[in-house]
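Protein chains in written order, with the working numbering: chain A, 19 to 289; chain B, 466 to 778.
Laid out in structure tokens, this is it:
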């Protein structure tokens, strides 16, 4: 499955917000953020229940960005939805900002867990899902992981637990852009057969083009996929989506020292 | 001590709906009554400590108070990043009940010996580190755990430890307890080394040396205001811990004095586990003998420190 989706104005707008933050910080995980923009867009536009002015609303759905290095995209969505002023994006990574290079709970409204170290989001998500069930809450838990991230064994410990506890209120989304920091996931530590793996760990699994808004909407609207299993969606994506020089290029996993020329080139891609 | 701790978890779960229990892969029947009474708040998660800590964090984020129990090394070494990030960075009220502090698992070898647990837990911001000296004190500690707002590392000893704590002293997290007065020297102790120090002080009294014993059940946050005057009024201080000397109780005392009472530094000597992995098996006592964490070891260290200014020659 190769995502070939053309980006519409909403997707381009959100990417411009990411670039605003990149410009402010002069650095950031561009590739890792751009692969997940449509996933977050659909979650926040169509799926998750939340109140931007009451970020700790008890009945909100809990979204955990386990691949914390993709926080530029999360910040863009949270700002777009009004969790904090959109101008704050320009302060990304600056000393006085609450928007750091990885997201922190308690600092950024709408951020459920401090992530960045990989393999933490799913175990925390399992705990929250169990807690919500004890409390008879209808709220759901959605965890977005990277693909390189699921090299970490802690994810698979948590996956076994999620299946054991039949956590149908828990969904894992895998941003499967096929590139981790060093290079292709198939070379660094092959994840395949990834769908079968999640099934074997007790999840009900679907695969989608992670840049196809309609496919994402349809899949996420049908959660949980089974009444007594956790759900997983393998989102096939392109690292750096929307930026030809960065697409599929591990050199753009993270960039620092971004110049005005770099930033202009990025904005130009979105015209 | 472990039985007392788990009995308390059960009792707390009966009166406080926030209390949940998570074990990794403990022995059969652990907290079976709680399991029967509150199955939705009792979990046995398997050999998956990284996940267990994250799961506990998630529960705590939602208002629950998870009590997590397994062997000390697996609660510290195995999942250190999870403890640091999931519990301490989020500053969540999760309680880690750690079996077998120090040399308890001597026959099982160095993979199971929690020699540096106090040191590494102490290094984490927001973490509270407590080593009770006996089962009675464990009960008093557990009674105050539900409302402590930070993560707690609770170090268990072997069990069957002589009861030396007294109800009249109460229990406040972060406040040390004067177990015995004395003007010549001071043992500063934690965990079951308090019993060894009390016996040592009794023997030294027969030699005419009046030795105080200050029991520091809470290694972090340190009871600075209680310890500084106790240290200032004696000629010699010997810190005693069944833990590695790098970064533990003794180091904490040195750090305290280096900033608050530098003149006292030269009278402080640390007794603990040396900076090597234990090579022998046997029993806990085998290792305590080797480490000098015995009545004779403490008596010699204190006597020499007072009389000669050197600890153990």
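Ideal Cβ placement from N, Cα and C applies to all residues, glycine included.
Every value quoted in this text rests on a predicted model; they were computed, and no experiment measured them.
Residue 175 of chain A carries a helical assignment under DSSP once its states are collapsed to helix, strand and coil. The alpha-carbon separation between residue 731 of chain B and residue 557 of chain B amounts to approximately 38 angstroms. DSSP, read as helix, strand or coil, puts residue 652 of chain B in strand. Under the three-pair Cβ rule at 8 angstroms, the segment 616-635 of chain B counts as touching the segment 581-599 of chain B. At least one CB atom of chain A sits nearer than 8 angstroms to the CB of residue 519 of chain B. Residue 188 of chain A is positioned such that its CB atom lies closer than 8 angstroms to that of residue 147 of chain A. Between the C-alpha atoms of residue 243 of chain A and residue 114 of chain A there is a straight-line separation of about 43 angstroms. If you look at residue 521 of chain B, you'll find it isn't in any beta strand (DSSP E); it sits in the alpha helix (DSSP H) that goes 514-526. In the same chain as residue 274 of chain A, and ignoring 5 residues on each side of it, the C-beta atoms closer than 6 angstroms to its own belong to 45, in chain order. C-alpha of residue 768 of chain B to C-alpha of residue 646 of chain B: approximately 17 angstroms in a straight line.
Within 10 angstroms of the beta-carbon of residue 133 of chain A lie 16 or more other beta-carbons, which makes it buried. Restricting attention to A:238, A:260, A:259, the CA atom closest to the CA of residue 252 of chain A is found in A:238. Put simply, the backbone Cα of residue 609 of chain B is about 21 angstroms away from that of residue 566 of chain B. The straight-line gap separating the alpha-carbon atoms of residue 532 of chain B and residue 486 of chain B is approximately 5 angstroms.
Straight-line measurement puts the Cα of residue 470 of chain B at about 30 angstroms from the Cα of residue 762 of chain B. The segment 81-93 of chain A makes contact with the segment 58-66 of chain A, as at least three CB pairs between them are under 8 angstroms. DSSP places residue 679 of chain B in no alpha helix (DSSP H) but in the uninterrupted beta strand (DSSP E) bounded by 676-680.
Taken through DSSP and simplified to helix, strand or coil, residue 687 of chain B comes out as coil.
Three or more beta-carbon pairs drawn from the segment 497-517 of chain B and the segment 178-185 of chain A are found closer than 8 angstroms, and the two stretches are therefore classed as touching. With its beta carbon at least 8 angstroms from every one in chain A, residue 679 of chain B lies outside the interface. The Cβ atoms of residue 524 of chain B and residue 145 of chain A sit closer than 8 angstroms to each other. The C-alpha of residue 172 of chain A is placed about 20 angstroms away from the C-alpha of residue 196 of chain A.
Within chain B, the residues 527 have their CB atoms less than 8 angstroms from the CB of residue 150 of chain A, given in chain order. DSSP places residue 114 of chain A outside any alpha helix (DSSP H), giving it a letter other than H or E.
Taking 8 angstroms as the cut-off, the Cβ atoms of residue 96 of chain A and residue 49 of chain A do not count as close. Closest option to residue 506 of chain B, judged by alpha-carbon separation, among B:706, B:480, B:634, B:671: B:480. Contact check between the segment 539-546 of chain B and the segment 196-212 of chain A: fewer than three CB pairs, one atom from each, fall below 8 angstroms, which does not count as touching.
Short of 7 angstroms from the beta carbon of residue 137 of chain A, and not among the five residues preceding or following it, lie these beta carbons of its own chain, in chain order: 167, 170, 172, 173.
Each residue's CA atom was taken as its position, placing residue 562 of chain B and residue 729 of chain B some 34 angstroms apart. Scanning chain A for C-beta atoms nearer than 7 angstroms to the C-beta of residue 551 of chain B yields 138, 142, reported in chain order. By the Cβ-count criterion, residue 706 of chain B is buried, with 16 or more other Cβ atoms from all chains shown falling within 10 Å of its own Cβ. Straight-line spacing of the CA atoms in residue 98 of chain A and residue 501 of chain B works out to 48 angstroms. Around the beta carbon of residue 216 of chain A, 16 or more other beta carbons lie within 10 angstroms, which makes this residue buried. The C-beta of residue 478 of chain B has 16 or more other C-beta atoms within 10 Å across all chains shown, which makes the residue buried. Residues of the segment 498-519 of chain B with a C-beta atom less than 9 angstroms from some C-beta of chain A are 505, 506, 508, 510, 511, 512, 513, 514, 515, 516, 517, 518, 519, listed in chain order. Around the beta carbon of residue 573 of chain B, fewer than 16 other beta carbons lie within 10 angstroms, which makes this residue exposed.
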